[in-house]
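**Q** Structure below; questions to follow.
Number of protein chains: 2
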Amino acid sequence: MTGERILAQANLKCTEKRLAMLDYLARSHHPVTAEEVAQHIGAAAHVSTVYRFLGTLVEKEMLLREIHQDGIAYYQLPQSRHCHMLTCRNCRRSVNLPHCPLTGLQQQLERQTGYHITGHLLEFTGVCPTCAKKEKTEKI
Amino acid sequence: MTGERILAQANLKCTEKRLAMLDYLARSHHPVTAEEVAQHIGAAAHVSTVYRFLGTLVEKEMLLREIHQDGIAYYQLPQSRHCHMLTCRNCRRSVNLPHCPLTGLQQQLERQTGYHITGHLLEFTGVCPTCAKKEKTEKI
DNA sequence: CTCTAAATGCGAATGATTTGCGTTTCATAT
DNA sequence: ATATGAAACGCAAATCATTCGCATTTAGAG
Chain A
6 MTGERILAQA NLKCTEKRLA MLDYLARSHH PVTAEEVAQH IGAAAHVSTV YRFLGTLVEK
66 EMLLREIHQD GIAYYQLPQS RHCHMLTCRN CRRSVNLPHC PLTGLQQQLE RQTGYHITGH
126 LLEFTGVCPT CAKKEKTEKI
Chain B
6 MTGERILAQA NLKCTEKRLA MLDYLARSHH PVTAEEVAQH IGAAAHVSTV YRFLGTLVEK
66 EMLLREIHQD GIAYYQLPQS RHCHMLTCRN CRRSVNLPHC PLTGLQQQLE RQTGYHITGH
126 LLEFTGVCPT CAKKEKTEKI
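Those sequence lines, one after another, are chains A and B.
Quick note: the first sequence uses my numbering, first residue 6, plus one each step.
Quick note: the second sequence uses my numbering, first residue 6, plus one each step.
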């Protein structure tokens with residue numbers, strides 16, 4: 006969906022900065038931080054502007070926000086296929102799971118609990134092969 | 006496991022405050038915040054002391070820390086069966102999943118990525134039946 | 001009992017995020 | 001095209017959980 010369309014649907018004014026932010030979000034195929042958004046858009050925007058805009062979209066349920074285990078909020082446009090991450094606790098490098106393994110479970114859970122489930126967070130933590138090798142070397 | 010035993014195994018000195026903290030953790034059958042620990046122990050301890058002690062235990066992998074979607078760290082002693090939560094975004098009331106559905110997936114993921122996976126976080130967000138009813142009423 | 005390393009308290013520092021407010025810009029009606 | 005009110009923006013100060021530095025106290029080995 007194009008940035009103009011998203012803004013119209015959200016009933017928000019169309020500005021250069023907002024289009025740039027949406028463009029960056031659409032381009033990123035993984036969750037990104039507000040800081041990253043602020044840095045990677047051509048039209049420089051103040052961090053507070055970025056936070057405010059992203060927050061507004063989240064309120065309108067047109068953007069997903071998840072707080073990862075590093076304590077930082079990551080944002081992503083809701084795509085047909087969202088993904089989850091496996092992050093190295095040492096170097097923070099992460100790989101994505103190819104697809105979300107929870108869709109079926111979520112439906113089952115809704116039936117069992119009566120909750121209307123609006124989202125979920127799944128994050129794996131571990132040690133990547135490179136760091137595992139390093140740690141082994143250092144211990145000798 | 007008793008508090009004395011945990012401290013001995015962690016190679017940490019045995020103090021009144023630490024025993025109180027461990028006691029509280031053992032008594033809580035759900036993840037708790039550092040703030041809660043500080044408030045609910047008889048022997049008053051400074052927050053920084055609580056944070057330091059909990060942090061030390063986490064480092065030694067004798068305590069689990071997970072950052073929830075409210076951005077706050079929750080701690081729990083590792084039990085034979087850990088669980089995950091489904092939290093109402095409105096009233097914060099939560100129900101537990103009966104068991105962790107990720108064990109198999111995690112092993113498969115280790116094979117595929119070469120990462121050594123040390124933990125995971127799974128958290129569902131939704132609206133509980135009570136709040137759903139309320140929201141519907143308010144909209145009329 | 002003595003002595004040292006570890007534990008504690010306190011306050012200041014940190015870092016992501018939010019907020020208040022004055023200024024600028026969008027977009028709608030004239 | 002222009003005026004105008006509302007929304008967006010920039011900036012700096014506030015917030016809040018968490019961490020850190022340092023001086024003081026205490027556990028527990030010898």
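Note that beta-carbon positions come from the ideal geometry of N, C-alpha and C, so glycine has one too.
Keep in mind the model is a prediction, meaning the values are calculated, not measured.
For the alpha helix (DSSP H) that contains L12/B, what are its first and last residues?
**A** Counting along the chain, the alpha helix (DSSP H) containing L12/B begins and ends at 8-15.
**Q** Scan the segment 43-88 of chain A and note each continuous beta strand (DSSP E) run of 3 residues or more that stays entirely inside, going in chain order.
**A** DSSP runs (the beta strand (DSSP E)) wholly in the segment 43-88 of chain A: 69-72, 78-81.
**Q** I want to see whether chain B comes within less than 7 Å of E40/A, judged by CB atoms only; does it?
**A** No - not a single Cβ of chain B is within 7 Å of the one on E40/A.
**Q** Express the C-alpha separation of S99/A and A13/B in angstroms, rounding to a whole number.
**A** Cα-Cα distance, rounded: 35 Å.
**Q** Hey, how far is the Cα of P36/B from the Cα of L82/B?
**A** Roughly 8 Å between the two C-alpha positions.
**Q** Who are T118/B's beta bridge partners in DSSP?
**A** Partner(s): none; T118/B has no beta bridge.
**Q** In the segment 74-89 of chain B, which residues sit with their C-beta less than 7 Å from some C-beta in chain A, listed in chain order?
**A** Cβ contacts with chain A come from Q74, G76.
**Q** Please list, in chain order, the chain A residues whose beta carbon lies closer than 8 Å to that of V52/B.
**A** The contacting residues do not exist; V52/B stays about 17 Å from chain A at best.
**Q** Using the rule of at least 16 other Cβ atoms within 10 Å of the residue's Cβ for burial, across every protein chain shown, is T7/A buried or exposed?
**A** Exposed.
**Q** Are the CB atoms of H89/B and L30/B nearer to each other than 7 Å?
**A** Contact: no.
**Q** Along the segment 119-139 of chain A, what residues have a CB closer than 7 Å to any CB found in chain B?
**A** Those would be G119, Y120, H121, I122, T123, G124, H125, L126, L127, E128, F129, T130, G131, V132, C133, P134, A137, in chain order.
**Q** Please classify C19/A as buried or exposed, where buried requires at least 16 other C-beta atoms within 10 Å of its C-beta.
**A** With fewer than 16 Cβ atoms within 10 Å of its Cβ, C19/A is classed as exposed.
**Q** Going by the beta-carbon positions, is the gap between R70/B and V63/B smaller than 7 Å?
**A** For R70/B and V63/B, yes; Cβs fall inside 7 Å.
**Q** Measuring CA to CA, which of Y120/B, C133/B, T61/B is closest to Y120/A?
**A** The residue with the shortest Cα to Cα distance from Y120/A is C133/B.
**Q** Would you check if the distance between the CB atom of Q113/A and the CB atom of I122/A is smaller than 7 Å?
**A** No, they are not a contact pair.
**Q** Do V52/A and V42/A have their beta-carbon atoms positioned less than 7 Å apart in this structure?
**A** No, Cβ-Cβ distance for V42/A and V52/A is not below 7 Å.
**Q** Where does T108/B sit, in a helix, a strand or coil, going by DSSP?
**A** DSSP places T108/B in helix when its eight states are reduced to three.
**Q** Looking at the unbroken beta strand (DSSP E) that takes in L91/B, where does it start and where does it end?
**A** From DSSP, the beta strand (DSSP E) with L91/B extends over 90-93.
**Q** Could you list which residues in chain A have their beta carbon closer than 7 Å to that of V100/B, in chain order?
**A** Here the neighbours are T118.
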